[in-house]
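Numbering (the working numbering), first residue to last: 77 to 294.
Single-structure report; data block below.
Below you can see the structure in the form of structure tokens.
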């Protein structure tokens with residue numbers, strides 16, 4: 077596996093690691109969804125881990141960590157075109173913001189957890205809520221807290237949703253929306269965000285300096 081190769085490279089202090097995939101290399105978005113997908117020629121370890129965290133599927137974050145520890149470059153190559161230039165992952169961060177990256181997750185669910193008595197959703201409430209999510213092995217893709225409610229986005233799973241709501245309904249008002257799409261954009265611009273959301277209803281939006289996440293229905 078890719079992870080095994082990274083472990084061996086770390087132990088042997090290899091000069092570099094190449095992994096072979098059925099894609100041209102790392103892409104800035106899924107070419108099956110976006111016609112304008114472009115190949116990423118170089119990104120940093122940090123950027124690769126961020127992309128994997130948000131759902132990019134080519135590289136698993138566990139593959140990156142052993143290589144980062146020894147500053148070993150990782151090259152992603154296309155096995156059907158071995159002579160082509162690989163995508164390079166290294167410690168160089170200077171190319172990370174050159175191209176925006178888009179990650180799309182379908183079949184998302186938004187669960188809103190509200191206080192029954194209008195008291196604040198404070199640390200002790202969140203502790204219990206997170207324990208319920210952990211109990212039912214639900215991975216949270218996006219969350220947002222307000223004074224009296226807590227909204228959470230995760231992959232649709234009817235059985236897990238029912239079990240979670242059973243645990244929470246005694247203490248909270250609950251409502252949910254299904255059939256949503258989570259769009260994550262790294263190194264976004266207003267133009268890219270507008271193009272991706274102009275015909276969609278936005279249920280939840282979260283923004284930082286480098287990343288914006290939008291939970292939408294098209």
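Idealized CB from N, CA, C, for every residue including glycine.
Contact holds between the region 229-239 and the region 249-265, because three or more Cβ pairs, one in each stretch, are under 8 angstroms apart. A direct Cα-Cα distance of roughly 47 angstroms separates residue 273 from residue 88. Taking a cut-off of 8 angstroms on C-beta distances, the region 96-114 touches the region 149-168, as three or more cross pairs fall below it. Counting C-beta pairs with one atom in each stretch, the region 276-291 and the region 215-225 have three or more that are closer than 8 angstroms, which means they touch.
According to the DSSP assignment, residue 150 belongs to the beta strand (DSSP E) that extends over 150-154. Here residue 148 really is in contact with residue 93; their C-beta atoms are around 6 angstroms apart, less than 8 angstroms. When DSSP states are grouped into helix, strand and coil, residue 220 belongs to the strand group. When rounded, the separation of the alpha-carbon atoms in residue 266 and residue 109 is 20 angstroms. In the DSSP assignment, residue 254 falls within the beta strand (DSSP E) that extends over 248-262. For the set 192, 193 and 207, the Cα lying nearest the Cα of residue 199 is the one of 207. Looking only at 83, 245 and 271, the smallest Cα-Cα distance to residue 141 is reached by 83. DSSP places residue 287 within a strand segment (E or B) once states are collapsed to three.
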